[in-house]
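Following: one structure in structure tokens, then a few remarks.
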Amino acid sequence: MSVEELDWDSSPLAPYAELVSHGEAWDEVIGAEGVRDPQRILSSVIESSGLTGLLSAAADARRLVHEDGVHYGGTLNPNRWKVDPLPMVVDADEWQQIERGVAQRLTVLNLLVADIYGDQLLIRQGVLPAEVVLGHPEFLPQAHGVPFAGGPQLNIVGTDLGRDAEGLWHVLDDRTAAPSGAGYAMVNRRITSRVMADLHRGTRLRRLRGFFQSMRQSLLDAAPQTGHMPRGALLWSGSASETAYEQGFLATLLGYSLVEADDLTVRDAALWVLDDDRRTRVDVLLRRVDSVFCDPLEFRPDSQLGVAGLLEASRQGNLAIANRLGSGVLENPALNLFLPRVARELLGEDLLLPPAPTWWCGDPTQLDHVVTHLDELVIKPIHRTGAGAARAGWTLSRTDRESIVRQLRQQPWAWVGQDPVMASTTPVVTPEGLVPRRTVLRTFAVAEHGGYTLMPGGLARVAPSGDAWRISSGSGALTKDVWVLEADDTVPGVLTRPVGHEPMLWVEGRDQQPLPNRVADNLFWYGRYTERVESTSRLLRKALDLSEDYGNRVGTMGHQVLALVGGAVASMTAMPETVGTDRPAESSRQLLRRAATDPGQPGSLAHDIDQLERAAHEVPDMLSMDVWPLISQLGLDMARASDELDLTSVVGATQALAGINGESMMRDHTWAFIDAGTRIERATNTLWLLGEVFAADLSMSVEDLVAESVMAVCESLISHHRGQALGTLPPRPLHAAMALLVLEPNNPRSVCFQWAKLERDLVLIGDDHAAARTRALRERVQGEAPLLRSGSWQHISDVLVGAADDTRDLSDAITRRHFQRPAPRVFRQTGWFNTVEPRLRG
588 MSVEELDWDS
598 SPLAPYAELV
608 SHGEAWDEVI
618 GAEGVRDPQR
628 ILSSVIESSG
638 LTGLLSAAAD
648 ARRLVHEDGV
658 HYGGTLNPNR
668 WKVDPLPMVV
678 DADEWQQIER
688 GVAQRLTVLN
698 LLVADIYGDQ
708 LLIRQGVLPA
718 EVVLGHPEFL
728 PQAHGVPFAG
738 GPQLNIVGTD
748 LGRDAEGLWH
758 VLDDRTAAPS
768 GAGYAMVNRR
778 ITSRVMADLH
788 RGTRLRRLRG
798 FFQSMRQSLL
808 DAAPQTGHMP
818 RGALLWSGSA
828 SETAYEQGFL
838 ATLLGYSLVE
848 ADDLTVRDAA
858 LWVLDDDRRT
868 RVDVLLRRVD
878 SVFCDPLEFR
888 PDSQLGVAGL
898 LEASRQGNLA
908 IANRLGSGVL
918 ENPALNLFLP
928 RVARELLGED
938 LLLPPAPTWW
948 CGDPTQLDHV
958 VTHLDELVIK
968 PIHRTGAGAA
978 RAGWTLSRTD
988 RESIVRQLRQ
998 QPWAWVGQDP
1008 VMASTTPVVT
1018 PEGLVPRRTV
1028 LRTFAVAEHG
1038 GYTLMPGGLA
1048 RVAPSGDAWR
1058 ISSGSGALTK
1068 DVWVLEADDT
1078 VPGVLTRPVG
1088 HEPMLWVEGR
1098 DQQPLPNRVA
1108 DNLFWYGRYT
1118 ERVESTSRLL
1128 RKALDLSEDY
1138 GNRVGTMGHQ
1148 VLALVGGAVA
1158 SMTAMPETVG
1168 TDRPAESSRQ
1178 LLRRAATDPG
1188 QPGSLAHDID
1198 QLERAAHEVP
1208 DMLSMDVWPL
1218 ISQLGLDMAR
1228 ASDELDLTSV
1238 VGATQALAGI
1248 NGESMMRDHT
1258 WAFIDAGTRI
1268 ERATNTLWLL
1278 GEVFAADLSM
1288 SVEDLVAESV
1298 MAVCESLISH
1308 HRGQALGTLP
1318 PRPLHAAMAL
1328 LVLEPNNPRS
1338 VCFQWAKLER
1348 DLVLIGDDHA
1358 AARTRALRER
1368 VQGEAPLLRS
1378 GSWQHISDVL
1388 VGAADDTRDL
1398 SDAITRRHFQ
1408 RPAPRVFRQT
1418 GWFNTVEPRL
1428 RG
């Protein structure tokens, strides 16, 4: 039925009448009897909102994505996540059919992968052609015979489904190695529940949070029996990974640490996290790294992403890896042809969800069919990153057709032809109205209680255009939240304790999560760059104010102060030109704007914001979710700077970040390294600034204005004025600045205050030596109090320079002690064998 065929006045689709493009097929919304029942809940919101309201909701969704920093593609090539505000709705009965069908399929796949890496009976009996399995690049002979610590071989699985025009669901693909998307599904729910708040509150739909509790429990159940509460970690390849955002979000939901290869080691056939001078056992490793990169000792020796001995730890039963190494062999479209028989052999059942019709080119008859019907099929390699990407036959040129046919005949076992399941459509909000887009649903399941439990929803990906046949996040697909309606008799689930493990008693003071050197390093610099962005923005704001007031008043005392403050800006940003002196005010402001907005200028505000964002993206599992809107705000401020440079907004965002760090974090090693970075940065900046702006030949009037400017930059102006009024500060401005900004133990902006807090941080970290050095430095400078309060500028300058040098030396000592990382491995092929040797850092 088309939109044109509907009686709009009487149809429940009447609210769509003003919004849709007539003549398009709406098979997701319109069934044989009219509107599909699950979609009726959208009618009221569409009717009440109209196109204007829907476009506003879409804009709100984009804003929330930006504020939360949700992206796909990694930090090197980020693309904003795209969320349509209208959810995809599935009713309880239809979802029950999906659940049963997907759970059955995963049970078959779990038994199949166990057979592939076990007795291989299905191959020996001819149920599966050997080429389909042994010819797949993800089949790893080294993993053959490796037992699995837990029961299931596949702990977490993604399954892509498409529904045809008759409403029948088909399985399109399986993601059995390291499936992505569950975290993004939760992100979509958070966004949609806010932009469609009334609809969300008024709809009885199943929630997603319990799925992640089930995931955590499934991983705990898989852990080997070790006599202690199992510890888990998520192995990722860093912030450059295309799904880095989701991995950090997922680690946060699970309470796992994100770890990289350099954070781990295998000793005594067990996996350990290297945490400074100690090691912490890992029992369950949720991996988001491809199998062949996970163990350079067993697979690819040139891999920088894996840990030597990881497979051996699994082989010895000391480590559960989810999913098991080599499970990517099931990500094979050729299995669609053979899985129905496999299901009958292993379960004695027919598949409830049919796979997409598939022809395997390894069979001569089927090869002829594929070649003959090339224009009607999608041509796929059995490994999606192997022989090439999938190609739609009807889009091929004559030359491309000839090339494809040659490849099919040269390596027939490596290819399949597949009927395109033209997935049904869902309505998408566009400026032109609601338009239909073909949609693929990715479901997620975890092994639990001897079977599989599905997320009650999933990730709906929508084609970027009406004629697009490929639907993937990498090709720019839009996404939707998936709402599964509750049945009337739904009973809330009950969270149970881990199966197979004795209950563990909570122990006060139990060891905290391990903190690898890489993580500590990024936390330290996250703290430093947060403080650096604030101090730089305050200095630039003051310089701009002085430029406005005195930029054209050459020869005045204010202009002298502008020259001193402008010189500090130039020194900070390594700019070849200096603000002030005989430069016109407009030219000075242009230089200051460049110092703020040029990301290619080291030391510029934009550069520091970029570095802050990079450090944060390396440790997303360690930071509050409230951090990301603030970091996004900083980026937005820089993006708007060409029109309006709002440094007050930058200061406000960094103060909010500092508030989260100071008021919302446990006082553990994570917080201590952030705070240590903050304290070192603030102490260093204050000592540097005092040395830059004061000079021996300043008149008392100019010195007074300089002191006022420094106090404003260091957020101590009110204390300065009160001290002057009460007579608690020395009368000379230079000495007053030293007393308040260097010595005062109760001023949270003074240098001695920073050293006292840094000493506390270092004690918490366990670095008593550095703490003692910090205390000695503070006591030495406090011993110079009479000189700082009344001495000459030259003597004061010597104290400031010495203190700044010692603080930098202290920072270097902390780096050497806590942040050293292993040298990267270098692969070198020599003669008959490959060797891996360490590369010394230059």
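With this note's numbering applied, the sequence shown covers 588 to 1429.
Backbone N, C-alpha and C define an ideal beta-carbon position, used for all residues, glycine too.
Distance between residue j and residue i (C-alpha atoms, nearest Å)
{"i": "M773", "j": "L840", "result": "10 angstroms"}
{"i": "T1241", "j": "Q1198", "result": "14 angstroms"}
{"i": "I1352", "j": "A1391", "result": "23 angstroms"}
{"i": "D1399", "j": "T830", "result": "33 angstroms"}
{"i": "Q740", "j": "S1062", "result": "31 angstroms"}
{"i": "T779", "j": "K1067", "result": "8 angstroms"}
{"i": "L1126", "j": "V1156", "result": "7 angstroms"}
{"i": "R1201", "j": "A646", "result": "26 angstroms"}
{"i": "A1032", "j": "L759", "result": "16 angstroms"}
{"i": "N905", "j": "L898", "result": "10 angstroms"}
{"i": "H1036", "j": "D680", "result": "23 angstroms"}
{"i": "L1234", "j": "S1124", "result": "6 angstroms"}
{"i": "K1344", "j": "R1408", "result": "27 angstroms"}
{"i": "R911", "j": "Q998", "result": "28 angstroms"}
{"i": "P665", "j": "G656", "result": "10 angstroms"}
{"i": "Q1188", "j": "E1073", "result": "56 angstroms"}
{"i": "I1305", "j": "M1298", "result": "8 angstroms"}
{"i": "R1029", "j": "S767", "result": "10 angstroms"}
{"i": "R781", "j": "P1332", "result": "46 angstroms"}
{"i": "V1022", "j": "L699", "result": "41 angstroms"}
{"i": "L1397", "j": "I908", "result": "40 angstroms"}
{"i": "G1142", "j": "A1150", "result": "11 angstroms"}
{"i": "R1227", "j": "S1060", "result": "28 angstroms"}
Buried/exposed call for residue i, threshold 16 Cβ in 10 Å
{"i": "V869", "result": "buried"}
{"i": "I633", "result": "buried"}
{"i": "G834", "result": "As written in the sequence, residue 834 is Gln, which differs from the Gly given in the question. Buried, since its Cβ has 16 or more Cβ neighbours within 10 Å."}
{"i": "A1193", "result": "buried"}
{"i": "A1410", "result": "exposed"}
{"i": "V1148", "result": "buried"}
{"i": "Q683", "result": "exposed"}
{"i": "A814", "result": "For the sequence presented, residue 814 should be read as Gly rather than Ala. That one is exposed."}
{"i": "E1366", "result": "exposed"}
{"i": "R1269", "result": "buried"}
{"i": "L658", "result": "Per the sequence shown, the amino acid found at residue 658 is His instead of Leu. That one is buried."}
{"i": "R667", "result": "exposed"}
{"i": "P1103", "result": "buried"}
{"i": "H1307", "result": "buried"}
One or two residues paired with residue i in a DSSP bridge
{"i": "L1072", "result": "L792"}
{"i": "S990", "result": "S990 pairs with nothing; no bridge assigned."}
{"i": "W756", "result": "R750"}
{"i": "L845", "result": "L821"}
{"i": "K1067", "result": "A1047"}
{"i": "Y1446", "result": "Missing from the structure shown is residue 1446; the chain here goes from 588 to 1429 and no further."}
{"i": "T945", "result": "Q1005"}
{"i": "D761", "result": "T746"}
{"i": "K1344", "result": "Looking at the DSSP assignment, K1344 forms no beta bridge with any residue, so it has no partner."}
{"i": "P739", "result": "DSSP output for P739 lists no bridge partner at all."}
{"i": "I778", "result": "According to DSSP, which records beta bridges pairwise, I778 is partnered with nothing at all."}
{"i": "P1207", "result": "Paired residues: none, contrary to the question."}
Any non-hydrogen atom of the ligand NAD closer than 7 angstroms to residue i Cβ
{"i": "K1129", "result": "Among the components of this structure there are no ligands whatsoever, and the ligand NAD is therefore not found."}
Checklist entry - At which residue ranges does the segment 674-729 contain complete alpha helix (DSSP H) runs of 4 or more residues, listed in the order of the chain? => result 679-703, 708-711 and 717-721
Checklist entry - At which residue ranges does the segment 1210-1290 contain complete beta strand (DSSP E) runs of 3 or more residues, listed in the order of the chain? => result none
Checklist entry - How do the segment 838-852 and the segment 1201-1220 stand: do at least 3 beta-carbon pairs fall below 8 angstroms, yes or no? => result yes
Item to check | Sequence ranges, beta strand (DSSP E) only - wholly within the segment 979-1058, length at least 3 | outcome: 1002-1005, 1012-1017, 1020-1035, 1038-1041 and 1046-1049
Checklist entry - In chain order, which continuous runs of the beta strand (DSSP E) of length 3 or greater are located wholly inside the segment 839-926? => result 844-846, 851-854, 857-862, 865-869, 871-874 and 907-909
Next on the checklist: Would the segment 739-756 count as touching the segment 797-806 if we require 3 or more Cβ pairs under 8 angstroms?
Outcome noted: yes
Checklist entry - Are the segment 936-945 and the segment 683-701 touching, with three or more C-beta to C-beta distances below 8 angstroms? => result yes
Checklist entry - At which residue ranges does the segment 1111-1182 contain complete alpha helix (DSSP H) runs of 4 or more residues, listed in the order of the chain? => result 1144-1160
Checklist entry - Counting Cβ pairs, one atom from each stretch, are 3 or more of them under 8 angstroms apart for the segment 1272-1283 and the segment 1135-1145? => result no
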